[in-house]
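Reviewing the structure listed below.
Residue numbers (this note's numbering): 83 to 175.
Structure (structure tokens):
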């Protein structure tokens with residue numbers, strides 16, 4: 083969100099940030115998955131999506147043999163399985 087606000091205020095936005103921001107308004111999606119033709123506004127999002135087709139899991143857990151497609155999923159795995167950090171539901175707990 084901070085990056086989004088800077089694009090409107092003009093506070094030192096990088097040109098690449100501005101281009102990315104403008105796409106949120108125009109709906110432009112210049113990156114297309116070569117497997118299913120789904121389109122994306124960000125190249126990184128498309129590259130992440132492609133892993134669903136290829137099965138690539140470039141984020142291995144340093145504690146066990148598990149690997150993940152996304153760094154965020156690896157982080158969740160490490161926290162819950164190796165550090166004992168559990169998400170608590172405010173309704174159940």
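All residues carry an ideal CB built from backbone N, CA and C; glycine is no exception.
- Contact check for residue 121 against residue 139 fails: the beta carbons are separated by 7 Å or more.
- Contact between residue 124 and residue 143 does not hold, since their C-beta atoms are separated by about 26 Å, which reaches or exceeds 8 Å.
- Remark: C-beta atoms of residue 128 and residue 141 do not approach each other more closely than 7 Å.
- Going by beta carbons, residue 167 and residue 158 fall outside the 7 Å limit.
- Between residue 126 and residue 165, the alpha-carbon positions lie close to 29 Å from each other.
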